[in-house]
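Protein chains in written order, with our numbering: chain A, 1 to 320; chain B, 321 to 492.
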Amino acid sequence: MNEIMAILPATIRSILTALPSAVREHLEEIRLRQNQPLEIRFGQQTSYVTATGQLTANARQGWSFTEEQSVKLLNLVSQHSLYTLEEELKRGYITVTGGHRIGIAGKVVLERGEVKGIRDVTSFNIRIAREKKGTAQKVLPYLFDNGRILNALIISPPQCGKTTLLRDIARSISYGSEWSSSRKVGIVDERSELAGCLNGVPQRDVGPRTDVLDACPKAAGMMMLIRSMSPDVLIVDEVGRPEDGEAVWEAIHAGVSVICSAHGSEIDEVARRPALGKLIQSGVFSRYFVLDRSKGVGTIHGIYDRDLRPVKKGEVTWSS
Amino acid sequence: MVKLIGAVLILFSASMVGWQIGRFYAYRPVQLRALLVGLQMLETEIVYGLTPLQQALLKVGNRLPAEVGQLFQAAAGSLREERAQNADEALRLAIESHWQQTSLRKQERDVLTSLGQVLGSSDREDQQKHLRLAVTHLRGLEEEARAEQSRYEKMYKSLGFLCGLLVVILMF
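Structure below.
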């Protein structure tokens with residue numbers, strides 16, 4: 001939270017500090033839209049915030065985020081150096097110290113039909129990354145087969161704890177657990193979310209035997225790690241593009257286990273996506289973990305095996 | 321005897337004044353060159369090194385001669401300590417507090433302030449364009465400064481001495 005405070009303009013900082021501490025501790029998102037009231041999301045609720053840090057449902061009472069503030073915020077986030085964020089502006093989000101992510105929207109600039117960046121940034125979505133250790137405990141028993149790590153796919157809609165789970169799996173495998181001894185883990189962290197690297201150093205605990213390739217495109221990164229770091233298992237977030245699918249395919253046939261995640265709410269839905277569908281049909285993954293937030297963030301809705309049969313009925317939650 | 325000492329003193333101080341003015345013309349091209357080199361280093365840091373502005377300014381400032389270098393260092397400092405809200409303000413503050421110590425003129429100051437308005441606030445290509453533009457401007461000014469130096473430096477130095485001499489002659 002302090003890392004986030006440091007990059008906020010003083011006005012917003014003071015409003016957020018004035019929030020009730022119960023709200024502040026559970027803050028998940030801070031949404032800022034130009035000329036619109038400041039909105040926060042904490043737990044399952046959303047609310048506007050007034051200039052004095054009171055919660056309100058009335059949009060008109062909310063503190064309005066001005067153009068001046070948005071310029072200031074962008075200045076602070078970029079450390080007054082927008083040119084360092086070229087790649088981030090192209091992708092639409094910026095990762096800051098501590099692995100928090102700031103999504104941005106505004107006027108998109110095109111170059112030869114491709115997105116070159118975002119100019120006039122008007123919307124910010126500050127997502128506060130929270131580290132939750134022990135979330136992998138519920139899935140670890142299903143992740144090993146005679147000490148071998150099974151290839152697994154975590155399917156989850158946004159905001160359901162997919163990345164948190166993936167990170168905890170990486171950490172558990174790296175440290176070792178009651179189900180398996182410690183292994184070498186390779187993380188390709190294209191969006192700097194899993195390990196939250198700053199200058200290449202993981203800001204989150206991803207375990208002692210973990211190598212992180214930060215901000216590297218997944219497909220290229222997986223191949224690089226296999227060649228250079230000989231990991232036992234590769235951990236990748238948000239696989240989706242065709243080249244990612246191919247890289248997963250390659251990795252698995254190079255004898256490396258792969259645990260990855262994808263956006264979606266059902267296996268059937270994910271199976272219809274071109275890149276993943278092929279992998280699922282050919283039975284590459286031996287375990288599927290489907291998450292939702294029916295019982296809070298990180299409800300494990302179902303665990304399925306290679307043939308998409310449920311391994312375990314019922315729901316297991318690890319949310320506190 | 322007293323008269324002689326007075327004459328020597330007058331001659332000496334007049335030459336010193338002339339020499340001081342002349343020195344101003346001698347320093348300007350040197351500092352202009354340093355500023356120019358500084359901006360080129362900044363370009364490298366920004367365009368190829370992708371160094372955040374504050375570190376880039378500090379790095380460049382440390383490598384330049386003190387008079388010009390402190391401009392960059394001061395700008396980096398006010399960014400770090402959040403005394404300035406943006407690069408423009410930081411550069412302005414730095415210029416305000418350190419410009420007097422340089423032999424640079426208003427034209428150079430204008431080049432720097434207009435550069436400050438865009439510094440750090442656009443993509444690499446744009447930054448490069450603006451930095452190059454500033455460097456071109458400074459180059460023009462440097463040539464001018466050198467021409468002035470060759471014209472005026474010696475002139476002021478000898479003028480000082482000659483003025484002193486004139487006073488001495490009139491006194492006798």
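Here a beta-carbon is modelled for each residue, glycine too, at the ideal position from N, C-alpha and C.
Legend entry - Close-in-space but distant-in-sequence residues of the same chain around residue 342(B) (CB under 6 Å, 5 per side omitted): 473, 476, 477
Legend entry - Rounded straight-line distance, which links the Cα of residue 263(A) to that of residue 283(A): 19 Å
Legend entry - Contacts that residue 452(B) makes with chain A (C-beta to C-beta distance below 9 Å): None at all; the shortest Cβ gap to chain A is about 14 Å.
Inset, instruction - Spatial neighbours of residue 218(A) within its chain, please: CB distance less than 6 Å, with the 5 preceding and 5 following residues excluded, ordered by chain position. - result: 188, 190, 236, 244, listed in sequence order.
Legend entry - Partners in chain B for residue 86(A), counting only beta-carbon separations shorter than 7 Å: 443, 444
Inset, instruction - Can you give me the Cβ contacts of residue 221(A) inside the same chain, cut-off strictly under 6 Å, excluding the 5 residues immediately before and after it? - result: 188, 213
Legend entry - Chain-ordered chain B contacts of residue 75(A) [CB-CB under 9 Å]: 405, 406, 407, 440, 441
Legend entry - Per-residue burial, residue 484(B) [other beta carbons within 10 Å of its own, 16 or more giving buried]: Label assigned to residue 484(B): buried.
Legend entry - Own chain residues within Cβ distance below 7 Å of residue 115(A), not counting five before or after: Excluding residues within five positions, the ones whose Cβ falls inside 7 Å are 90, 108.
Inset, instruction - For residue 366(B), go through chain A and note every residue whose CB falls closer than 8 Å to its CB, in chain order. - result: For residue 366(B), the residues of chain A that pass the 8 Å Cβ criterion are 81, 83, in the order they occur in the chain.
Legend entry - Boundaries of the alpha helix (DSSP H) in which residue 79(A) is found, first to last residue: First-last for residue 79(A): undefined, no H or E at that position.
Inset, instruction - Assign residue 45(A) to one of three DSSP states: helix, strand, or coil. - result: strand
Legend entry - Spatial distance of residue 320(A) from residue 157(A) (CA atoms): Residue confidence for residue 320(A) is low, a pLDDT of 38 falling below 50, so the modelled location carries little weight; the figure read from the coordinates is stated next. So the alpha carbons of these two residues sit roughly 20 Å apart.
Inset, instruction - For residue 427(B), go through chain A and note every residue whose CB falls closer than 7 Å to its CB, in chain order. - result: Neighbours of residue 427(B) on chain A: none; closest Cβ ~26 Å, over 7 Å.
Inset, instruction - Using a Cβ-Cβ cut-off of 8 Å, state whether residue 485(B) counts as contacting chain A. - result: no
Inset, instruction - Kindly say whether residue 362(B), judged by its beta-carbon, lies nearer than 8 Å to any beta-carbon of chain A. - result: no
Inset, instruction - Tell me whether residue 260(A) sits in a helix, a strand or coil according to DSSP, three-state version. - result: strand
Inset, instruction - Check the Cβ-Cβ distances between residue 15(A) and every residue of chain B, and say whether any is below 8 Å. - result: For residue 15(A), the answer is no, since every Cβ of chain B falls outside 8 Å of its Cβ.
Legend entry - Beta carbon of residue 171(A) nearer than 8 Å to that of residue 149(A): no
Inset, instruction - Taking the CB atoms as reference points, tell me whether residue 96(A) and residue 3(A) lie closer together than 8 Å. - result: Yes. Within cutoff.
Inset, instruction - Kindly indicate if chain A contains any beta-carbon less than 8 Å away from that of residue 372(B). - result: yes
Legend entry - Rounded C-alpha distance that separates residue 11(A) from residue 125(A): Distance between the alpha carbons of residue 11(A) and residue 125(A): 17 Å.
Legend entry - residue 444(B) beta carbon less than 8 Å from that of residue 86(A): yes
Inset, instruction - Please report how far the alpha carbon of residue 275(A) lies from the alpha carbon of residue 233(A), in whole angstroms. - result: 21 Å
Legend entry - Beta-carbon neighbours of residue 447(B), restricted to chain A and to distances below 8 Å: 83
Legend entry - Own chain residues within Cβ distance below 6 Å of residue 377(B), not counting five before or after: Counting only Cβ-Cβ distances below 6 Å, and skipping sequence neighbours, we find 392, 395, 396.
Legend entry - From 20(A), 57(A), 61(A), residue whose alpha carbon lies closest to that of residue 35(A): Among 20(A), 57(A), 61(A), the Cα nearest to that of residue 35(A) belongs to 61(A).
Inset, instruction - Check each candidate in 40(A), 65(A), 66(A), 44(A) and name the one with the smallest Cα separation from residue 54(A). - result: 40(A)
Legend entry - residue 296(A) (DSSP reduced to helix, strand or coil): strand
Inset, instruction - Give a yes or no on whether 8 Å exceeds the smallest Cβ distance from residue 317(A) to chain B. - result: At residue 317(A) the pLDDT is 49, less than 50, meaning the model places this residue with poor confidence and gives no usable figure here.
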